[in-house]
Amino acid sequence: MNIRRFTAIAVVAAVCTMAAPAVSQAAAPDVAKGAVVAAASANTLGHFTGDGVNIRSGPGTGYSSLGQGQSGQGVEITCYYYANFGDSGQKWYYLKNKATGVIGFVSSAYIKVTSGGVGYCP
794 MNIRRFTAIA
804 VVAAVCTMAA
814 PAVSQAAAPD
824 VAKGAVVAAA
834 SANTLGHFTG
844 DGVNIRSGPG
854 TGYSSLGQGQ
864 SGQGVEITCY
874 YYANFGDSGQ
884 KWYYLKNKAT
894 GVIGFVSSAY
904 IKVTSGGVGY
914 CP
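Residue numbering for the sequence shown follows our numbering, starting at 794 and increasing by one per position.
#1: Please report the Cβ distance between isoleucine 848 and serine 864, rounded to the nearest whole angstrom; I am assuming they are in contact, meaning their Cβ atoms lie under 8 Å.
#2: Which of helix, strand or coil does DSSP assign to serine 858?
#3: Just to confirm before moving on: does the CB-CB distance between asparagine 890 and glycine 851 stay below 8 Å?
#4: Going by Cα to Cα distance, which pick from Lys884, Thr854, Ile896, Leu888 is closest to alanine 902?
#5: Just the Cα atoms here: how many angstroms apart are leucine 888 and cysteine 872?
#6: Under a three-way DSSP split, which group does threonine 907 fall into?
#7: What are the start and end residues of the beta strand (DSSP E) that includes cysteine 914?
#8: Hey, would you say glycine 867 sits closer than 8 Å to histidine 840, going by beta carbons?
#9: Beta-carbon within less than 7 Å of threonine 776's beta-carbon, same chain only, minus the 5 sequence neighbours each way: which residues are those?
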């Protein structure tokens, strides 16, 4: 009886161990997809229109600041989102600050697009 119980536990543990890498691998395409989209942003350029503009981890003021942009610093814009929270209806660009390399979201109110078109983020 103890051998059967031990075998059953061993089988369950083996299945769980094999399933764990599949979960972490499933998240990997999102990261890779974001990197590919960011690399394609060179066609849409712009710059910050104010000083101390927060570059955020998500499209809204509820997300943490990853860094700041200063007036005149160039950006490469990948795409845009509309905020889903307290900032609803506000457009947020997903971009890279060319001066600092910081990548994140900035409200469109603080960005002047100078060339190219900006599409919706997939």
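Glycine included, each C-beta is placed from N, C-alpha and C at the ideal position. Owing to the predicted nature of the structure, the values given are computational and were not obtained by experimental measurement.
On the basis of the supplied data:
#1: With a beta-carbon spacing of about 14 Å, isoleucine 848 and serine 864 fall beyond the 8 Å limit used to define contacts.
#2: The answer is strand: DSSP assigns serine 858 an E or B state.
#3: Using a Cβ distance threshold of 8 Å, asparagine 890 and glycine 851 do not count as a contacting pair.
#4: Looking from the CA of alanine 902, the closest CA among Lys884, Thr854, Ile896, Leu888 belongs to Lys884.
#5: If you take the alpha carbons of leucine 888 and cysteine 872, they lie about 7 Å apart.
#6: Correct three-state label for threonine 907: strand.
#7: No beta strand (DSSP E) contains cysteine 914, which DSSP labels as neither H nor E.
#8: It is a contact, given that the beta carbons lie within the stated cut-off.
#9: A query on residue 776 cannot be resolved here, the shown segment of the chain reaching from 794 to 915 and no further.
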